[in-house]
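First residue of the sequence shown: 137, per the working numbering; consecutive thereafter.
Idealized CB from N, CA, C, for every residue including glycine.
All values reported here derive from a predicted model rather than from experimental measurement.
A short write-up of the structure that comes next.
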Amino acid sequence: MPRPDPSSWTATDRVADAPSDNWSYRILPRRLWPFAQLARWDRPIGWQLLLWPCLWSAALAPQWAAPSAVHTGLPDIWHMALFVIGSIAMRGAGCTYNDLVDRDIDDRVARTRSRPLPSGRVTPFQAKVFLVCQALVGFFVLIQFNLFAVLLGIASLAVVALYPFLKRFTDWPQLGLGFAFSWGALMGWAAYWGTLDAAPILLYAGSVAWTVGYDTIYAHQDREDDALVGVRSTARLFGNHTRRALVVLYGLTLLFFCLAFIATGTGATGPAWPAYAALIVGGAQMVWQIWTLDIENGEECLKLFKSNSLFGWIVFLGLLFSGLWTLSFPA
């Protein structure tokens with residue numbers, strides 16, 4: 137399909153901080169573009185960051201037991217496919233819900249006032265119908281898992297519902313996002329075993345710290361506008377001390393992940409050396425983020441925020457190769 141020509145776009149087609157060249161603009165008719173923007177289909181980094189804790193947990197869970205003829209120690213491909221679909225659907229639903237709640241605030245912030253709801257390209261009623269449709273897709277995905285995982289997934293809705301309001305009364309809305317976006321660290325394990333243990337809880341804690349870190353970087357794009365409209369964030373809270381805060385947050389991420397690997401088991405069970413090696417490489421990527429961070433440069437903040445998908449790949453591949461290593465060279 138031909139690439140959309142951004143020069144032909146009207147002002148009402150654009151969202152200020154969204155890319156102009158995306159598959160959704162090549163495939164969808166123009167009247168559906170606002171819905172693609174509402175669900176952030178043109179910005180896949182969001183669903184990718186939501187997906188990584190799911191995949192980490194899905195890759196870690198099989199290593200809780202020693203490989204055998206019926207248990208390879210590798211993640212379930214069907215589960216991973218479901219997590220991909222569910223992450224896209226629920227991230228879109230979450231963004232739609234968040235924009236409904238925040239449409240008055242978004243209208244007062246330069247970066248967000250061109251979004252579909254504050255700009256009037258989508259009505260609140262249309263957004264609510266679209267929200268329900270996306271949530272139904274997510275629910276269909278959820279019911280493919282065991283009952284424990286289904287109930288656990290439903291429980292996450294309480295955290296998701298609360299998140300958009302946190303910025304109004306706490307300096308820690310990023311922590312609320314962490315609780316919501318990291319839920320997959322519990323889901324991957326629950327989907328595989330039908331229960332929870334110390335390992336997924338530790339993985340969840342590390343994912344929460346990671347999310348607070350990368351979303352603090354992201355929030356620095358809006359720090360000045362947020363101050364004007366009274367929106368609170370860890371970017372405003374940490375300010376010039378953001379680097380130090382990231383050292384703590386990313387350090388906690390690596391610590392909790394290491395403890396999660398240890399809790400999964402040692403010897404015949406538990407992650408092998410590739411998983412731990414990945415944490416070292418991932419830690420180096422985090423050091424790069426902290427070292428190059430310039431909180432006054434919005435474009436640089438967005439670049440570093442997006443780079444966290446690379447961290448996701450590093451950890452996931454480490455766990456995947458760990459499973460392959462254990463399968464090939466059992467203790």
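For residue j and residue i, believed in contact at Cβ under 8 Å, the rounded distance
{"i": "Arg379", "j": "Ala371", "result": "Going by Cβ atoms, the distance from Arg379 to Ala371 rounds to 12 Å, so no, they are not a contact pair."}
{"i": "Tyr354", "j": "Cys437", "result": "7 Å"}
{"i": "Arg247", "j": "Gln357", "result": "6 Å"}
{"i": "Thr400", "j": "Pro203", "result": "With a Cβ gap of about 13 Å, Thr400 and Pro203 do not count as contacting."}
{"i": "Val220", "j": "Leu187", "result": "6 Å"}
{"i": "Gly222", "j": "Gly274", "result": "5 Å"}
{"i": "Gly209", "j": "Gly459", "result": "5 Å"}
{"i": "Ala420", "j": "Leu453", "result": "Wrong, their Cβ atoms sit about 15 Å apart, outside the cutoff."}
Proximity test, residue i beta-carbon vs the ligand HEM heavy atom, cut-off 7 Å
{"i": "Gly375", "result": "Among the ligands in the structure shown, none appear at all, so the ligand HEM cannot be discussed."}
For residue i, the nearest candidate out of the options (CA to CA)
{"i": "Ala172", "options": "Asp240, Ala225, Trp214", "result": "Ala225"}
{"i": "Trp200", "options": "Ala335, Leu185, Arg179", "result": "Ala335"}
{"i": "Ala297", "options": "Ala327, Asp238, Asp242", "result": "Asp238"}
{"i": "Gly228", "options": "Gln184, Ile241, Pro189", "result": "Gln184"}
{"i": "Cys190", "options": "Tyr328, Trp169, Leu253", "result": "Tyr328"}
{"i": "Met422", "options": "Leu446, Thr405, Glu432, Gly401", "result": "Leu446"}
{"i": "Tyr350", "options": "Ser458, Phe441, Asn234, Pro170", "result": "Phe441"}
{"i": "Asp362", "options": "Gly330, Gly434, Ile241", "result": "Ile241"}
{"i": "Thr352", "options": "Ser464, Gly434, Val245, Gly406", "result": "Gly434"}
{"i": "Phe317", "options": "Thr306, Gly330, Gly289", "result": "Gly289"}
{"i": "Leu267", "options": "Ala175, Leu186, Asn158", "result": "Ala175"}
{"i": "Arg251", "options": "Leu293, Phe261, Trp325, Thr232", "result": "Thr232"}
{"i": "Gly330", "options": "Ala294, Val286, Leu313", "result": "Val286"}
{"i": "Tyr299", "options": "Leu364, Ala271, Gly230, Phe276", "result": "Gly230"}
{"i": "Asn376", "options": "Ile431, Thr389, Ala408", "result": "Ile431"}
{"i": "Trp427", "options": "Asn158, Arg166, Val265, Ala381", "result": "Ala381"}
{"i": "Asp212", "options": "Met323, Asp333, Val384", "result": "Met323"}
Residue i burial status per 10 Å Cβ neighbour count (16 or more: buried)
{"i": "Asn444", "result": "buried"}
{"i": "Ala341", "result": "buried"}
{"i": "Leu278", "result": "buried"}
{"i": "Val344", "result": "buried"}
{"i": "Leu283", "result": "exposed"}
{"i": "Arg257", "result": "buried"}
{"i": "Phe81", "result": "Residue 81 falls outside the range modelled here, since the chain spans only 137 to 467, and no answer is possible."}
{"i": "Trp346", "result": "buried"}
{"i": "Lys303", "result": "buried"}
{"i": "Arg162", "result": "exposed"}
{"i": "Ser464", "result": "exposed"}
{"i": "Phe374", "result": "buried"}
{"i": "Ala194", "result": "buried"}
{"i": "Ala147", "result": "In this prediction, Ala147 has a pLDDT of 47, which is less than 50 and means its spatial position is unreliable; what the coordinates show is noted afterwards. So Ala147 counts as exposed."}
{"i": "Ile416", "result": "exposed"}
{"i": "Ala408", "result": "buried"}
{"i": "Met137", "result": "Any reading at Met137 must be qualified, since the residue scores a pLDDT of 45, below 50, and its modelled position is unreliable; the value itself is stated next. Classification for Met137: exposed."}
{"i": "Trp159", "result": "exposed"}
{"i": "Thr259", "result": "exposed"}
Within 8 Å, strictly: CB atoms of residue i and residue j
{"i": "Leu236", "j": "Ala263", "result": "yes"}
{"i": "Ser369", "j": "Pro309", "result": "yes"}
{"i": "Leu455", "j": "Leu196", "result": "yes"}
{"i": "Ala411", "j": "Phe397", "result": "yes"}
{"i": "Val451", "j": "Gly406", "result": "no"}
{"i": "Val367", "j": "Leu311", "result": "no"}
{"i": "Leu339", "j": "Trp214", "result": "no"}
{"i": "Trp319", "j": "Ser292", "result": "yes"}
{"i": "Val245", "j": "Val151", "result": "no"}
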